[in-house]
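Enquirer: Chains as they are written, first to last, in the numbering used here: chain A, 114 to 377; chain B, 5 to 269; chain C, 370 to 632.
For each residue, glycine too, the CB sits at the ideal point set by N, CA and C.
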Amino acid sequence: MAVNASPSPILSRPLAYGATSLGILALAWVLATSVLGWVGPEVLPSPLAVIARFANLIVEPFAGAALFGHVLASLERWSYGVFFAIVLGVPFGIFFAWVPWFRAVVNPVFETLRYIPPFAWVPIAILWFGASTATQAMVVFIAAFPACVINAQLGVQHVDNILVQAARVFGADQLNTLRRVVVPVATPSIFTGIRIAISNGWMALVGAELVVGKTGLGFLIAQGQQNDSVSTIFVGIIAIGVLGVLIDLCVQRLERRLMPWQLP
Amino acid sequence: MLEPSATPKLELRNITKWYGPEGTGVLAVDDCSVSVQKGEFVCVVGPSGCGKSTLMTVGAGLEEATHGEILIDGKPAGKPGPRRSVVFQKFALFPSETVAQNIKFGLQMTNVPRDEQERRVQQQLEIMGLTQFRDSYPSQLSGGMQQRVAIARALAMQPEILLMDEPFGALDAQTRTILQEEVQRLSHQMHYTVLFITHSVEEAVYLSDRVIVMSRRPGRIKKEIQLPRDVAWKRGDIEQAAEHPEFIEARREIWALVREEIMAA
Amino acid sequence: MRRIANGNLVLVSAAACVVWIAVWAWITRSGGPVSSLFLPSPGDVVERFGRMWVKPYIGSTLLGHVFSSLSIVLAGWALGGIVGVPLGVAMAWWPRVKWLVFPIFQLIRPVPPLAWIPLTLVWMGIGEPARIFVVFIAALVPWLMNSMQAVGSVDPLLIDAGRTLGASDGKILTRIVCRTALPTLIAGARIALGNAWTTLVAAELLAATAGLGYVALNASRMLDTDVLVVAMLLIGLLGVLLSLLMKLATHVLAPWSLSQQKG
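Okay, here's the thing in structure tokens:
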């Protein structure tokens with residue numbers, strides 16, 4: 114490709130356009146709320162109001178806790194659910210792919226339950242565990258588990274048979290073949306599953322907290338709605354989005370650490 | 005010459021292999037017998053899809069033959085194990101392990117003492133010219149280098165029998181020539197017992213003591229050709245060898261047989 | 370991975386189904402280890418299903434609730450398509466549109482669709498528009514992403530070929546681009562429908578007066594476990610049906626893509 118002869122601008126064109134569109138959006142927001150006052154704060158709060166509310170929520174408890182408390186509560190439930198989904202789901206998926214009769218036995222149940230969306234489990238989770246951490250953790254688990262299982266299974270199924278043969282030729286038993294050949298080769302797929310599981314779990318958690326519970330970010334926005342405080346809802350939504358992105362970034366980091374043999 | 009009556013190191017006796025149910029599935033190999041004496045280098049040549057690779061997987065113990073048996077020193081060979089090492093066409097290196105770890109893999113699986121493992125890995129790295137790639141991952145190496153690692157991995161086991169399944173099939177021409185010469189040199193020095201599958205007639209003539217020509221599918225043994233052993237032209241490089249009258253004659257004869265099969269298909 | 374007799378495994382699966390249901394029945398039998406409050410027996414579920422089919426439960430019969438759920442899902446899903454596809458195509462076709470819209474989109478994407486529910490409740494109140502809006506947001510992302518990808522992945526060589534044959538931009542878009550892009554687009558529609566269904570159930574837990582999610586939550590509050598299980602299974606079943614429907618659509622609309630998928 115020919116090198117562009119014109120001097121490079123400070124911003125590339127896509128970035129300039131992006132900045133423009135975001136700028137217009139922000140400007141419209143400011144104009145509509147603060148300057149012209151077309152929409153009242155009960156419909157759309159001004160950016161300043163949201164920032165003020167954010168600062169306020171950090172220091173002052175609302176709906177039982179300050180913002181940080183809600184974040185911690187959400188993260189705690191989420192990590193329980195995701196932890197068990199990974200710890201149980203990944204080995205389950207590997208086993209699923211490796212032992213055909215096991216898959217044949219369990220698959221009917223797995224497939225039936227998999228098609229029930231995680232939120233449909235919220236009512237029964239409430240029935241079983243009441244309004245406790247376990248309820249939300251269970252919903253997170255149910256949202257995260259299938260992704261772990263399915264991707265681990267696919268990863269193992271897609272391992273080139275010749276590698277399994279090579280392992281056998283060099284004297285590896287089933288366990289060693291799994292440990293040293295099959296699982297490492299399936300790791301990228303397993304990680305894809307974990308990433309999906311993590312974001313599914315995060316989504317499901319928000320849903321569960323909207324319905325049941327006394328803390329958490331989902332509860333925070335639900336309470337914002339109850340109290341007609343749209344700015345609180347905004348703060349909650351932004352916090353949920355930002356945390357979701359941060360979690361995904363962490364996992365991507367970890368992924369690169371754990372798989373040095375992957376070419377960039 | 006070898007004693008023809010001696011018990012073969014490796015014997016594939018009356019091997020028949022059906023994929024799917026017998027009679028209605030695909031007949032890959034039909035009543036093939038191949039024997040390799042100790043220290044002998046035997047090549048199996050045939051048109052592609054003739055079942056020569058099947059013969060290999062069965063010979064390695066990776067698949068069960070429908071009929072027939074595999075014998076080592078006259079006794080049933082059993083499951084795949086350290087007595088038979090395999091070099092695969094597609095290298096089959098473990099992608100998550102470094103070169104050294106790949107070479108060490110079989111040694112660890114068969115409980116070779118730790119310092120002996122190190123010694124053999126070091127030795128193979130030197131022989132195959134891989135010392136500087138010791139800690140590289142397979143994906144960082146060229147195809148030729150990867151196949152060197154695969155050969156090193158197989159040789160580190162100090163196997164009684166080496167099975168090679170079109171090991172140079174996936175390589176470019178130059179790399180292939182270099183590796184052919186290297187294998188020739190190694191087998192001369194170490195007197196390995198080798199069963200080598202290839203579709204290249206030149207490769208077979210250059211490397212082996214005996215060439216077995218297979219028919220098209222279902223694979224049967226068409227003919228066996230004894231080649232001169234311990235002759236000077238085999239010790240040089242392959243280009244020189246290819247000019248020797250004995251080479252030319254053998255190649256012509258084998259090519260004619262293979263061509264017959266390809267044309268008849 | 371390994372060669373196995375497939376026929377045998379199907380048999381094993383079928384036998385396993387029977388065994389699982391038997392286990393379910395056994396542990397939930399009267400006097401069994403699991404209370405019917407915790408998990409109803411299969412018999413109770415079937416019986417309850419029959420009763421709900423004819424007699425109204427919180428407002429309408431089962432069919433009525435199903436209809437309510439489906440109509441909202443389809444409305445939100447279709448709306449997602451109506452907005453998402455043209456926008457996605459435009460974004461792939463004119464880089465400037467992409468540069469303008471994509472950042473906003475990236476900003477909104479990490480927020481789970483459900484988090485919008487409280488906001489929509491404030492804006493629109495409890496009612497169908499609120500639910501349709503939430504479903505719309507959930508469906509929009511795959512619609513848009515896939516139509517953008519679909520058009521973007523069309524071989525430029527084909528477009529050039531079209532140009533040299535004298536086709537106008539509009540003709541190229543309809544004749545070449547849309548046809549090659551159809552499989553990816555349909556895949557997007559399928560994902561969108563799945564997302565829509567999942568999100569609807571959540572929306573019904575929060576802001577509904579009918580629908581299967583609403584039935585499930587009510588059943589949970591009234592400790593009607595059998596109703597709850599009926600609702601859950603029906604939600605799952607409808608999810609399967611919707612997904613099958615989309616597969617069928619792929620068969621009809623883009624049969625050439627099926628052989629590729631097998632790969």
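Whose Cβ in chain A lies nearer than 8 angstroms to the Cβ of C:Ser382?
Expert: Within the third sequence, residue 382 of chain C is the residue found at index 13, counting from 1. By Cβ distance, chain A contributes Ala217, Val218, Asn220 and Pro221.
Enquirer: When DSSP builds the beta bridges, which residues end up paired with A:Gly314?
Expert: As a working mapping, residue 314 of chain A is identified with position 201 in the first sequence. In the DSSP output, where bridge partners are listed per residue, A:Gly314 has none listed.
Enquirer: Might you give, ordered along the chain, the residues of its own chain that have their beta carbon closer than 6 angstroms to the beta carbon of B:Asp176, omitting 5 neighbours on each side?
Expert: On the second sequence, residue 176 of chain B is found 172 positions in, with the first residue counted as 1. Excluding positions up to five away in sequence, the list is empty.
Enquirer: Got a sec? Which residues, its chain only, sit under 6 angstroms from A:Ala118 by beta carbon, not counting five neighbours each side?
Expert: To locate residue 118 of chain A, count along the first sequence from 1; it is residue 5. Annotation note: pLDDT 44 at A:Ala118 (below 50); position unreliable, coordinate value reported separately. Within the same chain, A:Ala118 has no close Cβ partners at all.
Enquirer: Can you grab the Cα-Cα spacing for the pair A:Thr248 / B:Gln121, in whole Å?
Expert: For the purposes of this step, residue 248 of chain A is taken as the residue at position 135 of the first sequence. For the purposes of this step, residue 121 of chain B is taken as the residue at position 117 of the second sequence. Using only the alpha carbons, I get a separation of about 53 angstroms.
Enquirer: Look at the alpha carbon of C:Ile441 and the alpha carbon of C:Ala579, and state the distance between them as a whole number of angstroms.
Expert: As a first step, residue 441 of chain C must be located in the third sequence, where it is residue number 72. As a first step, residue 579 of chain C must be located in the third sequence, where it is residue number 210. Roughly 11 angstroms between the two C-alpha positions.
Enquirer: Which same chain residues, not among the five before or five after B:Ser89, have their C-beta less than 6 angstroms away from its C-beta?
Expert: Taking the second sequence and counting its residues from 1, one reaches residue 89 of chain B at position 85. Result list for B:Ser89: Ala158, Met161, Pro163 and Leu166, in chain order.
Enquirer: Please identify the residue among C:Ile506, C:Ile604 and C:Met460 whose C-alpha is closest to the C-alpha of C:Met517.
Expert: Here residue 517 of chain C corresponds to residue number 148 of the third sequence, with the count starting at 1. When only C-alpha atoms are compared, the closest one is C:Met460.
Enquirer: Around the C-beta of B:Asn115, are 16 or more other C-beta atoms found within 10 angstroms, so that it is buried, or is it exposed?
Expert: By 1-based counting over the second sequence, the position of residue 115 of chain B is 111. That one is exposed.
Enquirer: Determine the DSSP secondary structure at B:Tyr196, reduced to helix, strand or coil.
Expert: The sequence position of residue 196 of chain B within the second sequence is 192, counting from 1. In the structure shown, B:Tyr196 sits in coil (DSSP, three-state: anything other than H, G, I, E or B).
Enquirer: Mark A:Ala139 as exposed unless 16 or more other C-beta atoms lie within 10 angstroms of its C-beta, in which case mark it buried.
Expert: Here residue 139 of chain A is taken as the residue at index 26 of the first sequence, counted from 1. So A:Ala139 counts as exposed.
Enquirer: Since B:Ala69 and B:Lys21 should fall inside the 8 angstroms C-beta cutoff, what is the C-beta to C-beta distance between them, to a whole number of angstroms?
Expert: Within the second sequence, numbered from 1, the residue matching residue 69 of chain B stands at position 65. Within the second sequence, numbered from 1, the residue matching residue 21 of chain B stands at position 17. Right, the Cβ-Cβ distance comes to about 5 angstroms (below 8 angstroms), so this counts as a contact.
Enquirer: What does a CB cutoff of less than 8 angstroms around C:Leu592 pick up in its chain, not counting 5 residues either side in sequence?
Expert: Within the third sequence, the letter at position 223 stands for residue 592 of chain C. Excluding sequence neighbours, C:Leu592 sits near Leu406.
Enquirer: Tell me whether the region 328-337 of chain A and the region 349-363 of chain A touch, counting them as touching only if at least three CB pairs, one residue from each stretch, are closer than 8 angstroms.
Expert: The region 328-337 of chain A, when compared against the region 349-363 of chain A, does touch it at the 8 angstroms Cβ threshold.
Enquirer: Thinking A:Thr300 and A:Met372 are a contact (beta carbons under 8 angstroms), I'd like their distance in whole angstroms, please.
Expert: For this step, residue 300 of chain A is matched to residue 187 along the first sequence. For this step, residue 372 of chain A is matched to residue 259 along the first sequence. Confirmed, about 6 angstroms.
Enquirer: Closest by CA to B:Ala81, which one among B:Val91, B:Glu257, B:Pro12 and B:Val46?
Expert: Locating residue 81 of chain B in the second sequence gives position 77, counting from the first residue. For B:Ala81, the nearest C-alpha among the options comes from B:Pro12.
Enquirer: Verify the CB distance criterion: does C:Gly531 have a CB-CB separation below 8 angstroms to chain A?
Expert: Position 162 of the third sequence, counted from the first residue, corresponds to residue 531 of chain C. Chain A contact via Cβ: absent.
Enquirer: Quick one: is C:Thr543 buried, meaning 16 or more other Cβ sit within 10 Å of its Cβ, or exposed?
Expert: The count along the third sequence starts at 1 and reaches residue 543 of chain C at position 174. So C:Thr543 ends up on the exposed side.
Enquirer: Please list, in chain order, all residues of the same chain as A:Ala233 whose beta carbon is under 6 angstroms from its beta carbon, the five residues on each side excluded.
Expert: Numbered from 1 along the first sequence, position 120 holds the residue referred to as residue 233 of chain A. Excluding positions up to five away in sequence, the list is empty.
Enquirer: Please report whether the beta-carbon of A:Asn264 lies at a distance below 8 angstroms from any beta-carbon of chain E.
Expert: Protein chains in the displayed structure are A, B and C, and chain E is not among them.
Enquirer: Suppose you measure from the CA of C:Ile541 to the CA of C:Leu554; what does that come to, to the nearest Å?
Expert: Residue 541 of chain C sits at position 172 when you count from the first residue of the third sequence. Residue 554 of chain C sits at position 185 when you count from the first residue of the third sequence. Cα to Cα, C:Ile541 sits roughly 17 angstroms from C:Leu554.
Enquirer: Going by C-alpha distance, which of C:Arg559, C:Val609, C:Val466 and C:Leu534 is nearest C:Val510?
Expert: In the third sequence, residue 510 of chain C corresponds to position 141, counting from 1. Checking every option, the nearest Cα to that of C:Val510 belongs to C:Arg559.
Enquirer: Hey, quick one: how far does the alpha helix (DSSP H) through B:Tyr210 stretch, first residue to last?
Expert: The residue given as residue 210 of chain B occupies position 206 in the second sequence. Its alpha helix (DSSP H) spans residues Val205 to Leu211.
Enquirer: Helix, strand or coil for B:Val62, going by three-state DSSP, please let me know.
Expert: Taking the second sequence and counting its residues from 1, the one referred to as residue 62 of chain B is at position 58. Helix, per DSSP.
Enquirer: Sorted by chain position, which residues of the same chain lie with C-beta nearer than 8 angstroms to B:Ser191's C-beta, five sequence neighbours on each side aside?
Expert: The residue you call residue 191 of chain B lines up with position 187 of the second sequence. So the qualifying residues of the chain are Phe45, Val198 and Leu211.
Enquirer: Output the boundary residues of the beta strand (DSSP E) element that contains B:Lys254.
Expert: For the purposes of this step, residue 254 of chain B is identified with residue 250 of the second sequence, where counting begins at 1. Reading off the sequence shown, one finds Ala at residue 254 of chain B, where the question assumed Lys. From DSSP, B:Ala254 is part of no beta strand (DSSP E) but of the alpha helix (DSSP H) over Pro249 to Ala268.
Enquirer: Please check if any C-beta of chain A sits within less than 8 angstroms of the C-beta of C:Phe407.
Expert: Here residue 407 of chain C is taken as the residue at index 38 of the third sequence, counted from 1. Closer than 8 angstroms to some Cβ of chain A, the Cβ of C:Phe407 qualifies, so yes.
Enquirer: Can you give me the C-alpha to C-alpha distance between C:Arg372 and C:Val520, rounded to a whole angstrom?
Expert: As a position in the third sequence, residue 372 of chain C is number 3, starting the count at 1. As a position in the third sequence, residue 520 of chain C is number 151, starting the count at 1. Below a pLDDT of 50, predicted positions are generally treated as unreliable, and C:Arg372, at 45, falls in that range; the measurement from the model is reported next regardless. Taking the straight line joining both Cα atoms gives about 39 angstroms.
Enquirer: So with CB distances below 7 angstroms, who are the chain B contacts of A:Pro204?
Expert: Position 91 of the first sequence holds residue 204 of chain A. Per Cβ cutoff of 7 angstroms: no residues; A:Pro204 is ~18 angstroms from chain B at best.
Enquirer: Tell me the DSSP bridge mates of C:Ala565?
Expert: Against the third sequence, residue 565 of chain C aligns to sequence position 196. Answer by DSSP bridge pairing: none, since C:Ala565 is not bridged.
Enquirer: Residues in the same chain with beta-carbon distance under 7 angstroms from B:Leu261, minus the five sequence neighbours each way, listed in chain order, please.
Expert: Stepping through the second sequence from its first residue, residue 261 of chain B is reached at position 257. Only Val217, Lys226 and Lys227 meet the Cβ criterion.
Enquirer: If the cut is a Cβ gap below 7 angstroms, which residues of chain B does A:Leu276 touch?
Expert: Within the first sequence, numbered from 1, the residue matching residue 276 of chain A stands at position 163. Those are Ala96 and Phe98, listed as they occur along chain B.
Enquirer: Touching or not, the region 219-237 of chain A and the region 151-170 of chain A, by the rule of three or more beta carbon pairs under 8 angstroms?
Expert: With the cut-off at 8 angstroms, the region 219-237 of chain A and the region 151-170 of chain A do not touch.
Enquirer: So for B:Asp34, helix, strand or coil by DSSP?
Expert: On the second sequence, residue 34 of chain B is found 30 positions in, with the first residue counted as 1. The answer is strand: DSSP assigns B:Asp34 an E or B state.
Enquirer: Which residues mark the beginning and the end of the beta strand (DSSP E) in which A:Tyr193 is found?
Expert: For the purposes of this step, residue 193 of chain A is identified with residue 80 of the first sequence, where counting begins at 1. Looking at the DSSP string, A:Tyr193 is not in any beta strand (DSSP E); the run it does join, the alpha helix (DSSP H), is Leu180 to Trp211.
Enquirer: Would the region 247-266 of chain A and the region 201-210 of chain A be scored as touching if the rule is three or more Cβ pairs under 8 angstroms?
Expert: Counting Cβ pairs under 8 angstroms, three or more are found: they touch.
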